[in-house]
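*Asks:* Going down the list, the protein sequences come from chains A and B. First residue of the first sequence? That's 1 in our numbering, and the numbers climb one at a time after it. First residue of the second sequence? That's 234 in our numbering, and the numbers climb one at a time after it. For every residue, glycine included, the Cβ atom is placed at its ideal position computed from N, Cα and C. What follows is a single structure, and I will ask about it in a moment.
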Amino acid sequence: TLLSAIMTDVHVAPKALQSALNYACARSFNAISVDGDMSTNDTVVVLASGAADALEIDEKDNESFIQFRDALTDVAKELAQLVVRDGEGATKFVTVTVKGTKTYDDAHTIASRISTSALVKTALYGEDANWGRILASLGSLQELSAPIDPSRVSVSFIPAQQQNGTAPSDSPKPLLLLHNGEPQPLDEAHASSLLSQTDIEILLDIGLGEESAQYWTCDFSYEYVRINGDYRS
Amino acid sequence: NLTFEMRPPPPKAHLHKTLPDSAFPKGFLLSGTHVGIKKSKSAEDLGLILTTSPAERTSAAAVFTQNSFAAAPVRVSANVLAARSGRGVRGVVVNSGCANAVTGQKGEEDAWAMVRAAGEVGNAAVASTTSSSPAGDNDEANMLVMSTGVIGVRLPIDKILSGIQALPSSLGSSPAHWDSVARAFLTTDTFPKLRARTFAVTHADGTQREYRLAGMSKGAGMIHPRMGASVPTATGLHA
């Protein structure tokens, strides 16, 4: 179960607070997966005390609302990512970035599908750059607004970025596995070096549009089965 | 034939952060304690978060699971929030170790009992710690409730209600108080997830003010949320 409580001392109108939370949640808690199962109890609550000062933030005041909304989104994203890092049995923290779709929903749906594929997640545990499993999982989607054109799809594994948007200087170089539907020569040593990292990013370019989305997931290990095989109701 | 050995999970100690008092938002009192829901005697399993501000100054929002078997605390919290239109919510009471999910009518009654008990102690605690009364809002149905843990088992509600009555004596706003509530959320998690930060907002009158945000989360398994602002209309009660 995912639970979260976020508190702030901003004075904010209830409607604006709900709007900010909806936005933040779509880009954080609703963009993570550990095992693909939705709980009966998932809840995120935001409480605003208004204790800092009397100036109320409302959606009508666009600039202040967006600044608050973005701060809330940043905190929510970090709290959501911590849940993935603590995923049962997880040994990898994986960012799935999908770009080049016609709509945000398409990018989100593709990222969600890859993030919940048991075969992709076991390959990540095995540190295998298995782009075939990635393509198979996204190719099964029927609910996209525009059908995938296999000749336009590119897949890369890249070292996870730090908070400043750069990769550590000693991290491996990005690994392009598929470019416009054509498999690229694979350097096993390079792939092994990159996939042995704890933090990995899978980058997909669908080649159809300008929209993008991110999802965060983890690998699927023996330990996950042990924990949940032992758990008793 | 296994080609590799089982690996231990990566170390997570670095995920704890030391946070100064100044990073946490003003206007909150918190406490986490052990009341006997979890087997481990040292593990916090009940938490309370209260705002000390006047009711008209506070606001709340939430998103909830879209699972058709949405648990009693989910439905009750959505009900409280809707009834108050997001204004004047006094706080949140949370327990771990039992999800109070698929527990029928009794589960619903238990969730409401938690809301009322927490509302009562919350109103009293806030009135005693502030010079003015909490805006005259003594409504006891002004708390949200969250539960997590095993599904299909009833809450040990007597232990929980006794624990709620005792919580005011340990309320505070130090980083340790925030941490104790973050721990009261945990189930199979291996570390508490607590973050806080300051941020600036430029208001329409041109003034720039600094505010604070602090949040805690829990979760390790059964994680693939798709939450929305309302709960599914068909409740699992009839299935």
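Comparing the C-beta of N300 of chain B with each C-beta of chain A, is any distance below 8 Å?
*Replies:* The count along the second sequence starts at 1 and reaches residue 300 of chain B at position 67. Interface residue, yes.
*Asks:* Quick one: list the residues of chain B neighbouring T103 of chain A, beta-carbon separation under 7 Å, in chain order.
*Replies:* Here residue 103 of chain A refers to the residue found at position 103 when the first sequence is read from its first residue. Residues of chain B passing the Cβ test: none, with the nearest at roughly 17 Å.
*Asks:* Let me know the secondary structure DSSP gives P465 of chain B once reduced to three states.
*Replies:* Position 232 of the second sequence, counting from 1, holds the residue named residue 465 of chain B. Residue state, collapsed to three classes: coil.
*Asks:* At a CB-CB cut-off below 7 Å, which residues of chain B make contact with E63 of chain A?
*Replies:* For the purposes of this step, residue 63 of chain A is identified with residue 63 of the first sequence, where counting begins at 1. In chain order: T435.
*Asks:* I'd like to know if I110 of chain A contacts chain B, where contact means its C-beta is closer than 8 Å to some C-beta of that chain.
*Replies:* By 1-based counting over the first sequence, the position of residue 110 of chain A is 110. No, no contact with chain B.
*Asks:* Rounded to the nearest angstrom, how far is the Cβ of T298 of chain B from that of T43 of chain A, given a contact under 8 Å?
*Replies:* Within the second sequence, residue 298 of chain B is the residue found at index 65, counting from 1. Within the first sequence, residue 43 of chain A is the residue found at index 43, counting from 1. With a Cβ gap of about 7 Å, T298 of chain B and T43 of chain A count as contacting.
*Asks:* Is there contact between the stretch 117 to 133 of chain A and the stretch 82 to 102 of chain A, where contact requires at least three CB pairs shorter than 8 Å?
*Replies:* Segments in contact, yes.
*Asks:* Would you kindly check if the distance between the Cβ of M7 of chain A and the Cβ of F261 of chain B is under 8 Å?
*Replies:* Residue numbering aside, residue 261 of chain B sits at position 28 when the second sequence is read from its first letter. Residue numbering aside, residue 7 of chain A sits at position 7 when the first sequence is read from its first letter. Cβ atoms of F261 of chain B and M7 of chain A: closer than 8 Å.
*Asks:* Report the residue from B:P287, B:V268, B:T285 whose alpha carbon sits nearest the alpha carbon of D278 of chain B.
*Replies:* The residue labelled residue 278 of chain B in the question sits at position 45 within the second sequence. D278 of chain B has its Cα closest to that of B:V268, out of B:P287, B:V268, B:T285.
*Asks:* Inspect the CB distances between the stretch 69 to 88 of chain A and the stretch 420 to 439 of chain B and report whether three or more fall short of 8 Å.
*Replies:* Result yes; three or more Cβ-Cβ pairs closer than 8 Å.
*Asks:* Quick check on the DSSP output: the alpha helix (DSSP H) that includes A358 of chain B runs from which residue to which?
*Replies:* One-based indexing of the second sequence puts residue 358 of chain B at position 125. Unbroken alpha helix (DSSP H) run through A358 of chain B: 337 to 362.
*Asks:* How would you write the range of the alpha helix (DSSP H) that H410 of chain B sits in, first residue to last?
*Replies:* To locate residue 410 of chain B, count along the second sequence from 1; it is residue 177. Residues 408 to 417.
*Asks:* Starting from the beta carbon of F157 of chain A, find every residue of chain B whose beta carbon is closer than 7 Å, and list them in chain order.
*Replies:* If you number the first sequence from 1, residue 157 of chain A lands on position 157. Ordered by position in chain B, no residue passes the 7 Å Cβ test against F157 of chain A, which lies about 18 Å from the chain.
*Asks:* Determine which residues of the stretch 205 to 230 of chain A have a Cβ less than 8 Å from any Cβ of chain B, and write them out in chain order.
*Replies:* The stretch 205 to 230 of chain A vs chain B, Cβ under 8 Å: S221, Y222, E223, Y224, I227, N228.
*Asks:* State buried or exposed for T336 of chain B, treating a residue as buried only when at least 16 other CB atoms are found within 10 Å of its CB.
*Replies:* As a working note, residue 336 of chain B is residue 103 in the second sequence. T336 of chain B should be labelled buried.
*Asks:* Using 8 Å as the cut-off, can you tell me whether the stretch 371 to 387 of chain B makes contact with the stretch 397 to 408 of chain B, which would need three or more C-beta pairs spanning the two stretches below that distance?
*Replies:* Short answer: they don't touch.
*Asks:* Under 8 Å between the Cβ atoms of G87 of chain A and V34 of chain A?
*Replies:* As a first step, residue 87 of chain A must be located in the first sequence, where it is residue number 87. As a first step, residue 34 of chain A must be located in the first sequence, where it is residue number 34. Yes, Cβ-Cβ distance for G87 of chain A and V34 of chain A is below 8 Å.
*Asks:* Mind checking E127 of chain A: buried by the 16 CB within 10 Å criterion, or exposed?
*Replies:* Residue mapping note: residue 127 of chain A aligns to position 127 of the first sequence, counting from 1. Its Cβ being crowded by 16 or more others within 10 Å, E127 of chain A is buried.
*Asks:* Might you give, ordered along the chain, the residues of its own chain that have their beta carbon closer than 6 Å to the beta carbon of S145 of chain A, omitting 5 neighbours on each side?
*Replies:* Sequence index remark: in the first sequence, residue 145 of chain A carries index 145 (1-based). Taken in chain order, the residues that qualify are K102, T103, D106.
*Asks:* Cβ closer than 8 Å: which chain A residues qualify as neighbours of T423 of chain B?
*Replies:* Sequence index remark: in the second sequence, residue 423 of chain B carries index 190 (1-based). Correct list: D86.
*Asks:* Could you check what DSSP says for K99 of chain A in three-state terms: helix, strand or coil?
*Replies:* The residue given as residue 99 of chain A occupies position 99 in the first sequence. K99 of chain A: strand per DSSP, three-state reduction.
*Asks:* Give the DSSP-derived three-state secondary structure of I227 of chain A in the structure shown.
*Replies:* Taking the first residue of the first sequence as 1, we reach residue 227 of chain A at position 227. Looking at I227 of chain A - three-state DSSP - the assignment turns out to be helix.
*Asks:* Using the beta-carbon of each residue, which ones in chain A are nearer than 8 Å to T291 of chain B?
*Replies:* For the purposes of this step, residue 291 of chain B is taken as the residue at position 58 of the second sequence. By Cβ distance, chain A contributes L47, A48, S49, G50.
*Asks:* Exposed or buried, what is H179 of chain A when buried is set at 16 or more other beta-carbons lying within 10 Å of its beta-carbon?
*Replies:* Taking the first residue of the first sequence as position 1, residue 179 of chain A is located at position 179. Exposed, because fewer than 16 other Cβ atoms sit within 10 Å of the Cβ of H179 of chain A.
*Asks:* Any C-beta of chain B within less than 8 Å: which residues of the stretch 132 to 151 of chain A qualify?
*Replies:* Correct list: empty, as no residue qualifies.
*Asks:* Could you check where the alpha helix (DSSP H) with N328 of chain B kicks off and where it finishes?
*Replies:* For the purposes of this step, residue 328 of chain B is taken as the residue at position 95 of the second sequence. First-last for N328 of chain B: 324 to 331, but that is the beta strand (DSSP E), not the alpha helix (DSSP H).
*Asks:* Which residue or residues does DSSP assign as beta-bridge partners of H11 of chain A?
*Replies:* One-based indexing of the first sequence puts residue 11 of chain A at position 11. According to DSSP, H11 of chain A bridges with A:E56.
*Asks:* Is there at least one Cβ from chain B nearer than 8 Å to D9 of chain A's Cβ?
*Replies:* Counting from one through the first sequence, the residue named residue 9 of chain A turns up at place 9. Yes, because at least one Cβ of chain B sits closer than 8 Å to the Cβ of D9 of chain A.
*Asks:* Consult DSSP for T221 of chain B and reduce its assignment to one of helix, strand or coil.
*Replies:* Since the displayed chain B opens at 234 and closes at 472, residue 221 of chain B lies outside it and no answer follows.
*Asks:* What did DSSP end up calling H179 of chain A once you bin it into helix, strand or coil?
*Replies:* The sequence position of residue 179 of chain A within the first sequence is 179, counting from 1. Residue state, collapsed to three classes: strand.
*Asks:* At the level of alpha carbons, what is the spacing between M347 of chain B and I66 of chain A?
*Replies:* Start at 1 with the first residue of the second sequence, and residue 347 of chain B comes out as number 114. Start at 1 with the first residue of the first sequence, and residue 66 of chain A comes out as number 66. Using only the alpha carbons, I get a separation of about 35 Å.
*Asks:* Counting only C-beta atoms, is V120 of chain A closer than 8 Å to chain B at any point?
*Replies:* By 1-based counting over the first sequence, the position of residue 120 of chain A is 120. Answer no: the Cβ-Cβ gap between V120 of chain A and chain B never drops below 8 Å.
*Asks:* At a CB-CB cut-off below 7 Å, which residues of chain B make contact with S4 of chain A?
*Replies:* The residue labelled residue 4 of chain A in the question sits at position 4 within the first sequence. Per Cβ cutoff of 7 Å: G448, M449, S450.
*Asks:* If we ignore side chains and look at the alpha-carbon of each, how far apart do E182 of chain A and S212 of chain A end up?
*Replies:* Start at 1 with the first residue of the first sequence, and residue 182 of chain A comes out as number 182. Start at 1 with the first residue of the first sequence, and residue 212 of chain A comes out as number 212. Answer to the nearest angstrom: the Cα atoms are 22 Å apart.
*Asks:* Can you tell me which of the three DSSP states K451 of chain B falls into?
*Replies:* Position 218 of the second sequence, counted from the first residue, corresponds to residue 451 of chain B. Residue state, collapsed to three classes: strand.
*Asks:* Figure out for me which residue from B:R317, B:L252, B:V327, B:C331 has the closest Cα to the Cα of L400 of chain B.
*Replies:* Residue numbering aside, residue 400 of chain B sits at position 167 when the second sequence is read from its first letter. Of B:R317, B:L252, B:V327, B:C331, the residue nearest in Cα terms is B:V327.
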